[in-house]
Every structure is written in structure tokens, then in C-alpha cells.
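Below is one structure, written out as C-alpha cells, with a few remarks after it.
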Amino acid sequence: MSENYRKNVKSRLNILVQDLKIKKLADITSDAMNRWLSKAEDKDMAAATRNEYVISMHAFCNWLVREQRIVANPLTMVQKADRASDRRHIRRALTIEEVGNLLRATALRPIAEWGRGKIEIPKSKRKGRQTWKYESITQQNLDACYERGLAKLKQPHIKKLERLGRERALFYLLAVSTGLRHKELRSLTLGQLFLDAKPAPYFELYANQSKSGKESRLPLRTDVVEKIKQHLEHRSKQGYKALLFDNPPGIRVFDADCQAAGIAKNDMRGRVVDIHALRTTFGTHLAVAGVHPRVAQAAMRHSRI
Numbered sequence: 026m027s028e029n030y031r032k033n034v035k036s037r038l039n040i041l042v043q044d045l046k047i048k049k050l051a052d053i054t055s056d057a058m059n060r061w062l063s064k065a066e067d068k069d070m071a072a073a074t075r076n077e078y079v080i081s082m083h084a085f086c087n088w089l090v091r092e093q094r095i096v097a098n099p100l101t102m103v104q105k106a107d108r109a110s111d112r113r114h115i116r117r118a119l120t121i122e123e124v125g126n127l128l129r130a131t132a133l134r135p136i137a138e139w140g141r142g143k144i145e146i147p148k149s150k151r152k153g154r155q156t157w158k159y160e161s162i163t164q165q166n167l168d169a170c171y172e173r174g175l176a177k178l179k180q181p182h183i184k185k186l187e188r189l190g191r192e193r194a195l196f197y198l199l200a201v202s203t204g205l206r207h208k209e210l211r212s213l214t215l216g217q218l219f220l221d222a223k224p225a226p227y228f229e230l231y232a233n234q235s236k237s238g239k240e241s242r243l244p245l246r247t248d249v250v251e252k253i254k255q256h257l258e259h260r261s262k263q264g265y266k267a268l269l270f271d272n273p274p275g276i277r278v279f280d281a282d283c284q285a286a287g288i289a290k291n292d293m294r295g296r297v298v299d300i301h302a303l304r305t306t307f308g309t310h311l312a313v314a315g316v317h318p319r320v321a322q323a324a325m326r327h328s329r330i
């Protein structure tokens, strides 16, 4: 059980204690919990989120039974919501071509940002005295912006931005080649990497980093190992506790990188491409490659198929 999981459970229980006005154990009732869930649904809380509250409260009540604080779980009549009928974000996997476009655009965009042209703001959309803004970077103008950025910047600044672009691209590459979650990737340290191990390179994921709370040893592709070594060339003096990524990309950076790569946020079927879709991409590519479901389950670190 990870530290993050324990914090989330504690937070949900604190909210329920406050909302249900629980002063004593007898205040925990199925009626009160069902009323809270009904109000939460009216406020458009997702089924998956409501279920997390139900699971946390059930676990707490079961603990009370084991500790002989109460005779029986009072929430036996409280059921979880149907997640399948209430999915808010259906993520789609990136194609191999899209992954390539994303990695290229990500590497170029930090420099391309300095080569963006100015465009006039229509009078109907102006706020205050500003009459122009910088153009957004798209797949169509990426190369031109990059060339203008190169011409404008001095060499030391170029080197710094090149490293930033490579770091972000490596972050995405690791996500689509290992299936690591965003938080897991951000927490990786140099001491968890075994790039020259035999028979194959790998990295370790500690229990307190994993969503499942279990340790894992995951393989690394040869091309990914080479990218990591290139990334670490200027960081040879850092200790094993140093984070692998100094500047891990967040949601806004990822969205801008996708725009520069020509990858739409939503498709015609309503599916979403967000930073968590990189893990979805890993799982989908395993299935397309014909990997046995049990093997894919282990690679994704899922508790069930």
C-alpha cells in the first residue's frame, strides 16, 4: 500500500466524516451514505470517484468490525455505481506514427517557442490595449518557428533548450515503452536505473512509488537505454538519489507538444489524448503486437485482465 494511497483514503474519510456529521460510530448508516452519494451524483461527481468513497468507507467499517468496535458493517446496503455507464474520459492510444511525431515536436518546441511570429488579434476579441499575440505552434509552422528560434538565440541558450526538449521527449518515450504512470515517472531516481545489467537493462520501481504498492522490476529497450545515457551525459556528478527528470512535463506542456505534433485533443468518437494516454498507448501496442493477455497484464502491472 503506497503512501499516496493512504493519504487519499484519509482525505476521503475526513470529507465523509464532515459531510455526514459523524460524531459517534452510530452515526454511520446506509441511509446517510446513500443520501450523500445521491447528492454527489447530482453535483456531477463521476461514478469512479463516488466508488472510491464507498470503498474507503467500507474498508473503515470492516476495520471497526475486526477491532470489535461495532458488531457488523452498517453499510452492507450501500452499493458501488456502474462505472461502465458513466465514463467521463475515454482515452485513445497514439499510433506509431503519432508517437514519432510527438517525440520530434517535443524535442524541437523549446527552441521553436522563440521563433513564433506575431498575429493581429481581431478587434472583437481584444482585451485592453493588446492588439497582437504570438502564434501557436502547430505541425504546419513548427519547422519555420524552430529555424527562426535558432537564428535568434545564442549558442549557450540553444544548448539549454535542446536538453530541455530531449528530456521531455525521453519522458514520453519512457511512458509509451514501459507503461509507467505520470507520477511514477516523475519520481524515478538515478539509483533505480540499471542500464548495463546483464542479460538486459532494467529499472526498479519501489513500492512507495507504485499505485499498487508493490515493487516491480521492468525491462528497458535498447534504444531507450541509449536515450537515457545521452540524457545523463551532463549529469555524471549527481548522486543515485537525484531524480531522473529535472523538468518533467505537465498537462499544459503535453497539450502544447501534441498541438505541435498535429495530434488532436479529441477525436470524432469523443476519445481523449491526455498525458495519461501514453500508458494507454503502451497497453494497446502490446495487444496489437499479439502479446498474451497474461503477459500484458504483468507488463501493465494490473491486478486483473
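Counting from 26, one number per residue, gives the positions in the sequence shown under this note's numbering.
Built from N, CA and C at the ideal position, the CB exists for glycine as well.
What's the gap between the Cα of residue i and the Cα of residue j?
i: Leu186; j: Trp157; result: 26 Å
i: Ala57; j: Ser63; result: 10 Å
i: Gly264; j: Gly216; result: 8 Å
i: Phe219; j: Leu119; result: 28 Å
i: Thr203; j: Asn272; result: 19 Å
i: Leu167; j: Ala137; result: 7 Å
i: Ala331; j: Leu100; result: Absent from the structure is residue 331, since the part of the chain shown begins at 26 and ends at 330.
i: Arg117; j: Phe196; result: 19 Å
i: Arg75; j: Trp61; result: 10 Å
i: Asp221; j: Val249; result: 12 Å
i: Arg94; j: Glu77; result: 23 Å
i: Gln104; j: Leu38; result: 17 Å
i: Ile304; j: Ala130; result: Here the sequence assigns Arg to residue 304, which means Ile is not the residue at that position. In a straight line, the C-alpha of Arg304 is about 19 Å away from that of Ala130.
i: Ala225; j: Ala232; result: 22 Å
i: Ala106; j: Ile276; result: 28 Å
i: His259; j: Gly190; result: 15 Å
i: Asp52; j: Val79; result: 16 Å
i: Ala302; j: Lys48; result: 42 Å
i: Glu240; j: Glu229; result: 7 Å
i: Leu205; j: Lys68; result: 32 Å
i: Gln155; j: Tyr171; result: 25 Å
i: Gln180; j: Arg188; result: 12 Å
i: Ala184; j: Lys32; result: Note on residue identity: the sequence assigns Lys, not Ala, to residue 184. Using only the alpha carbons, I get a separation of about 40 Å.
i: Ala314; j: Ile146; result: 48 Å
i: Lys254; j: Lys262; result: 14 Å
i: Gly125; j: Gln165; result: 16 Å
i: Arg151; j: Lys46; result: 49 Å
i: Tyr30; j: Thr54; result: 25 Å
Helix, strand or coil: how does DSSP classify residue i here?
i: Phe196; result: helix
i: Leu189; result: helix
i: Leu45; result: coil
i: Leu230; result: strand
i: Leu220; result: coil
Contact defined as beta carbons within less than 8 Å: I believe residue i pairs with residue j. What is the distance between those atoms, to the nearest angstrom?
i: Ile115; j: Val298; result: Incorrect: roughly 11 Å between the Cβ atoms, too far for contact.
i: His207; j: Ile300; result: 6 Å
i: Ala286; j: Leu175; result: Wrong, their Cβ atoms sit about 19 Å apart, outside the cutoff.
i: Gly140; j: Lys177; result: 6 Å
i: Glu123; j: Ile144; result: Actually they do not touch by this definition, with Cβ atoms about 27 Å apart.
i: Arg326; j: Ser237; result: 6 Å
i: Asp282; j: Arg173; result: In fact, because the Cβ distance is near 19 Å, the residues do not count as touching under 8 Å.
i: Glu209; j: Ser235; result: 7 Å
i: Lys266; j: Thr214; result: 6 Å
i: Tyr227; j: Leu245; result: 6 Å
Applying the 10 Å Cβ sphere with the 16-neighbour rule, what's the burial state of residue i?
i: Leu268; result: exposed
i: Ile121; result: exposed
i: Pro135; result: buried
i: Asn98; result: buried
i: Arg91; result: exposed
i: Met82; result: buried
i: Ile288; result: buried
i: Thr247; result: exposed
i: His310; result: buried
i: Leu133; result: buried
i: Val201; result: buried
i: Asp292; result: exposed
i: Pro318; result: exposed
i: Ile40; result: exposed
i: Thr163; result: exposed
i: Leu50; result: exposed
Of all Cβ atoms in chain B, is any one closer than 8 Å to the Cβ of residue i?
i: Pro273; result: Structure shown: chain B not included; a single protein chain is present.
In chain order, what are the residue ranges of uninterrupted beta strand (DSSP E) at least 3 long that sit wholly in the segment 106-177? 143-145 and 157-159, all fully within the segment 106-177.
May I have a chain-ordered list of the alpha helix (DSSP H) segments no shorter than 4 residues that lie completely inside the segment 240-322? Fully enclosed alpha helix (DSSP H) runs of 4 or longer: 247-256, 276-285 and 302-313.
Which whole runs of the alpha helix (DSSP H) in the segment 39-100 are 4 residues long or more, in chain order? 55-67 and 72-91
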